[in-house]
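Protein chains in written order, with this note's numbering: chain A, 80 to 440; chain B, 80 to 440; chain C, 80 to 440; chain D, 80 to 440.
Cβ atoms here follow ideal geometry from the backbone N, Cα and C, with glycine treated the same way.
4 protein chains.
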Amino acid sequence: MLRAAIVGATGIVGQQFLEALVNHPQIRVEGLAASARSAGKRYGEALRDPQTGSLRWYGAFDVLAAVEDMVVEDASELDPRRFDVIFTAIEADEARTLEPRYAAETPVISTASAFRYENDVPILIPGINSTHARLLPVQQRNRGWKGFIVPIPNCTTTGLVITLKPLLDRFGLRSLIMTSMQALSGAGRSPGVPSMDILDNIIPFIPKEEGKVEVETRKILGKLEGEAITPADVVVSATCTRVNVMDGHTETVSVSLGRKADLDEVMDAWRTFAGDVPVADLPSAPPSLIHVSTDPYRPQPRLDRDTGGGMTTVVGRLRPEPVLPDGVKYILLSHNTKMGAAKGAVFVAEMLIRDGYIGGN
Amino acid sequence: MLRAAIVGATGIVGQQFLEALVNHPQIRVEGLAASARSAGKRYGEALRDPQTGSLRWYGAFDVLAAVEDMVVEDASELDPRRFDVIFTAIEADEARTLEPRYAAETPVISTASAFRYENDVPILIPGINSTHARLLPVQQRNRGWKGFIVPIPNCTTTGLVITLKPLLDRFGLRSLIMTSMQALSGAGRSPGVPSMDILDNIIPFIPKEEGKVEVETRKILGKLEGEAITPADVVVSATCTRVNVMDGHTETVSVSLGRKADLDEVMDAWRTFAGDVPVADLPSAPPSLIHVSTDPYRPQPRLDRDTGGGMTTVVGRLRPEPVLPDGVKYILLSHNTKMGAAKGAVFVAEMLIRDGYIGGN
Amino acid sequence: MLRAAIVGATGIVGQQFLEALVNHPQIRVEGLAASARSAGKRYGEALRDPQTGSLRWYGAFDVLAAVEDMVVEDASELDPRRFDVIFTAIEADEARTLEPRYAAETPVISTASAFRYENDVPILIPGINSTHARLLPVQQRNRGWKGFIVPIPNCTTTGLVITLKPLLDRFGLRSLIMTSMQALSGAGRSPGVPSMDILDNIIPFIPKEEGKVEVETRKILGKLEGEAITPADVVVSATCTRVNVMDGHTETVSVSLGRKADLDEVMDAWRTFAGDVPVADLPSAPPSLIHVSTDPYRPQPRLDRDTGGGMTTVVGRLRPEPVLPDGVKYILLSHNTKMGAAKGAVFVAEMLIRDGYIGGN
Amino acid sequence: MLRAAIVGATGIVGQQFLEALVNHPQIRVEGLAASARSAGKRYGEALRDPQTGSLRWYGAFDVLAAVEDMVVEDASELDPRRFDVIFTAIEADEARTLEPRYAAETPVISTASAFRYENDVPILIPGINSTHARLLPVQQRNRGWKGFIVPIPNCTTTGLVITLKPLLDRFGLRSLIMTSMQALSGAGRSPGVPSMDILDNIIPFIPKEEGKVEVETRKILGKLEGEAITPADVVVSATCTRVNVMDGHTETVSVSLGRKADLDEVMDAWRTFAGDVPVADLPSAPPSLIHVSTDPYRPQPRLDRDTGGGMTTVVGRLRPEPVLPDGVKYILLSHNTKMGAAKGAVFVAEMLIRDGYIGGN
């Protein structure tokens, strides 16, 4: 069993890491870290709101029972050498300081954006751009680290690139216009979206989100050539909004393919997509990365977000896009806190374990 | 005072007509009609759910107080000659039968789609395509009617064409891609959207809606040449979804203009838009048809839908659209049951009164 | 394996029966019945909205997959002799006609209220009033039936009587005042609660609900003496409201006990409650019928409704009730479509199987 | 015109004060104060979220337009002598320090709980306990202040005591059991109720709320005898919960009256209630303090909260309460940020102006 730490363990994504790792066949959680304020407390106690006594736990209670007596450590003092892999669920600012310190010794899988845009850092999705992992030795050499940092994408990018990859491979891809309707959990709990802001409402702007989607999509779909990733030559235009949905990001997507394709071909590209490398044998892998629905009323977040254990991107409403050359349009749904966050990060770790980047020595 | 009837008076849009006409300076409601089931009852009584006794009234109670004792008439037996104008708030199927019968004698302003797509029927928005009213004498001659039918657009089309018109006039317009996030009230109350379908959810499909938006947009932006409207040569691509918002349709729009324009010019086109003909003097006219916000968090449905008494379309988040030639993108909000339904129909009536199509003899 | 039919199989509660019976160790679903409109269709097809094509399925899709090809039968023509037990999920009106016809041959477990208030009909909750099953031979003799009808309680009564039973047994019970905040699913989907009625709202009245709770509570807590149930001598006062929650009825309860009891004793009565007869070995039984929380912020419907597979009633916020003699007050949460409907009915069937009322010959 | 300051002007209740005072016939806002962080900024600028730029304004935009250029002052340095009355909308902790400093010079109307429970401080509701204002000279003498502090009640107490007062006067009152379903705005915006906590949920506990309701109800309904208020001899039992409603607190109430009364008498007591002293002439007074509905589906928060400009408490569902001696039960609705907060405080100021406590010299 590999020994893992979760940094930022008390937040929503931290809790999702615990859900993703309970009973994991390869990874055992041996450290929970958070800010100095929580350090030294039992985990169950650290989840209590100091003012109201409310327990801030969002998952299943048997998951909590398994870890509530672990003592939370101070993230800034955590010794990375005690672990084979460290999962981080912290803000970009903290990540900028903490992650390099950890990575000097140990592989770090990060949900933060802090290092996503650096040249020697791949943003990994198993089955989509698995080969970008070959950039890790470069990163280690550049930085003199024994470990490395692998960020997963922004949760809005994840479902998008998963549905784009088979299209790019089969038809080529020129450009896309996307509108997202994002779930509340993507903003975290507190500070997150105040209930007074979202009841009977939509918030039409999420700071920095659109830029992240645009840059990350091109990078993930890009080619690793030599020691650098050349971003895909795709024009990406995103509009990101927040709606009153708990989990599951919905995105309407209009794509200009590289060549004319009829809808059956597109459907077939998705249905037969096997991943850039096979990943179906990894513990967190869903039966398929993409599920295509022909019911025009699907995907719906509440009904479809848990498809494949929250790891499958569901696409539907495939139609021609008359505005774009060789255009098609569709709607996708991706679970933002499972495939799009903690469980997606665990999925990455599993691939890196299999491929010898983690735990091999 | 002109005498008006409201047909379909017990439904939500019917009630919105009453809100729009209470204390109207030119129009007095003298008839309320509905299905045979409600006929003969006091209006206040007809609003009661027969099974539960619940009062199905959605507006201000002083509006109801003014009309609750009026006796509801059977729409299929209503004598149109008693009225100067008839407002209809009924389904397309019924409209197909009832509206021609009324129009034989009296002008009909309709919220139904039944006649929107016929060649001699203009879909009117005051200030946007006011001159299409000149088609009405053709309609009367073709059909041998003393009155006429003027439908207003689908509520999702309304805000879209209002924001497009100044762009078309100033820059030309090639194509657009739109995603809507539509309010519950657009579906009516019962049958409407069941609460179990929309809590913590999005419904990614609204039957027939996308086709309506595409056809109506081209028609309203088209040119009346001779005795026919030539639809605008604009490619329109719509994706329509339902979200958990009471009132106010939000739309993300990417537009390919006819020529390069910087954002200031676009903003200026909206801000200086004065209507194809002046309509600001009409009783239901808002201070301006379009309000431009520079706050990136706006428009929001709950905060902005009542701008200009629900008659102003609010636009925000104007940005370049990199995917489309000479592209810009923005987000708009339009009140679907005010400008997009009853009050918008009253606004049309006011213009037709001013211009002598209604009430002139 | 016993052969079961589900009548009313296409509705929400019918679907919950399928969820409750998939992979059941003792019961196999061999018949799905619904109205004549659905009869003859594949189940998966019968779930489609005829107007929109939307699939009206509310559960897990693997459950649907197992039954979607079964052909729906006409409930009015179903031959009860083909089954060992029939579960009904229909309105009271239909139940009044259909259930006696079925019960003439086969045991019927009913979620309808049609027969709940008849003298020879017990309303059963396993572990609460299991011994009331002894009324069934009386019912059979009275009516000349080979089978019988056993209704489960109204979903609002269920959690209430479960929490009251240990108090009655230990302390006695004089009276109680209850306010419910009930979930949307209790009203069914369509017609159910329109989304426009409940967004940003509470509906302070549910027709007939309060009377049901008052009568059923006394009957279930009553004593079977000879051939009749003497209702418990408890004054029950209920106020039932609807709130914007999907599943899980919350109830605030103030109780006047039969004698003074401190809070620890009350807590202990709940925690040690073992059922009037043991039921923990039944397949659908939860680890415990009652879970007591000491977190003041619990129970919450979204966090707690699935406790014990939706079969456990969660109580919290136990405090003294100063207004009532020997009073205590608390809040409870019960899953209205699991313990309070289909799965609760299956639980009853399991007890009746064990005790030889069903399937024994 | 009297000169007023609003302290805590940037929060939700502060904004509601601006709504309540715009175009007020007697009071002009001449000072806006907030924390040091906002001090020195234009009001419109102080409302901006420093991180996101979002404008945190919750009211009508023409109200904002009237004050957005006023410069916010530091509450801790505000000179009370510049004002005839100071309205505070701050937390209890700050109130404990700031309000006495202001009250040394100027009357303070407070929405905070800091001084509500002190012997020489009346909690005022015009028309309910107007005569308690006679305690103010005692307070001034005790404390050596030129001004005074008058808190309004907790927003959950307000509607309750308004409906109880006519019952107490006519029948006497022994005890009551109340369950509240409180709106989000009662918790403020941020920190307030996180959207992830309340979607598809109820929170069954609001810290300190129940105790406030119990103590305040007895005090407000008490008698001023000599220089002290003797609390009413009424046992009050409250359970307070939070639901997903924007504005308007709903309460189910079971009351034990002092003598037997039939429902018509109770209805009559409410309908004919004229206030302990007349207040109908005050600018913010509603047509009546209480409106009685006989529709069993009312009151509903979204439909009824704005009755009487948000100043009328709506009661409905009056029924006998079988559990309590001489019992009746009913449901009430009160607008928590209008009558229950800022506008209610302005209403108090208006009464104190009329009666010479404010502005008289």
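Interface annotation, D:Y376: in contact with chain C, CB-CB separation under 8 Å.
For A:G271, the secondary structure class from DSSP, reduced to helix, strand or coil, is strand. With respect to the C-alpha of B:T329, the residue from B:A353, B:S259 and B:G354 having the closest C-alpha is B:S259. The Cβ atoms of D:A112 and D:E173 do not sit closer than 8 Å to each other. Contacts with chain C (Cβ-Cβ distance below 9 Å) from the stretch 265-280 of chain B involve A266, G267, R268, S269, P270, G271, V272, P273, S274, M275, D276, I277, L278 and D279, listed in chain order.
Shown here is that no member of the stretch 368-395 of chain C has a Cβ falling below 7 Å from a Cβ of chain B. Within the stretch 174-260 of chain B, complete alpha helix (DSSP H) segments of at least 4 residues are found at 215-222 and 234-250, given in chain order. Each of D:G406, D:D385, D:Y122 and D:K291 was checked against the Cα of D:V345, and the nearest Cα belongs to D:G406.
Under the criterion of beta carbons closer than 8 Å, D:L255 and D:V292 do not qualify as touching, at roughly 10 Å. Per DSSP, reduced to three states, the secondary structure at D:L361 is coil, with no helix or strand assignment. Looking at the DSSP output, C:V407 bridges to C:V334 and C:P399. For C:T167, the enclosing beta strand (DSSP E) begins and ends at V164 to T167. C:I207 places its beta carbon less than 8 Å from that of C:I241. Residue-level contact check: D:S254 touches chain C, since one or more beta carbons of chain C fall below 8 Å from its beta carbon.
In the structure shown, the three-state DSSP call for D:K417 is coil. At a cut-off of 8 Å between C-beta atoms, C:P286 counts as an interface residue with respect to chain B.
With contacts defined as CB atoms closer than 8 Å, B:L263 and B:V229 fail to qualify as a contacting pair. Contact between C:N233 and C:D199 does not hold, since the beta-carbon distance rounds to 19 Å and is not under 8 Å. Among the residues of chain D, those whose CB is under 9 Å from the CB of C:K408 are I256, S316 and T318, following chain order.
Taking CB atoms only, A:S413 has no neighbour in chain C less than 8 Å away.
DSSP, read as helix, strand or coil, puts C:G132 in coil.
Secondary structure of C:L342 (DSSP, three-state): helix. Annotated three-state conformation of C:R321 is strand, per DSSP. Restricting attention to A:P366, A:F227 and A:I281, the CA atom closest to the CA of A:Y181 is found in A:F227. Contacts with chain C (Cβ-Cβ distance below 7 Å) from the stretch 122-156 of chain B involve T131, listed in chain order. Cα atoms of B:T176 and B:V92: separation of roughly 19 Å, rounded to the nearest angstrom. Taken in chain order, the complete alpha helix (DSSP H) segments of 4 residues or longer contained in the stretch 104-156 of chain D are 122-125 and 140-146.
Scanning D:G123, D:P129, D:L157 and D:Y196 for the CA closest to the CA of D:L143 turns up D:G123. Under DSSP, C:I85 takes part in a beta bridge, and its partners are C:L111 and C:F166.
Taking 8 Å as the threshold, the shortest C-beta distance from C:P232 to chain D does not fall below it. Linking A:R398 to B:R195 through their CA atoms gives a straight-line distance of about 25 Å.
Note: C:A307 is bridge-paired with C:E304 in the DSSP secondary-structure output.
Closest option to B:A88, judged by alpha-carbon separation, among B:S335, B:V146 and B:G387: B:V146. Remark: C-beta atoms of B:A183 and B:V86 do not approach each other more closely than 8 Å. With fewer than 16 other beta carbons inside 10 angstroms of its own, D:K339 counts as exposed. Setting aside the 5 residues that flank it on each side, C:H370 is surrounded in the same chain by T386, T391 and V393, each with a C-beta closer than 6 Å to its C-beta; the list follows chain order.
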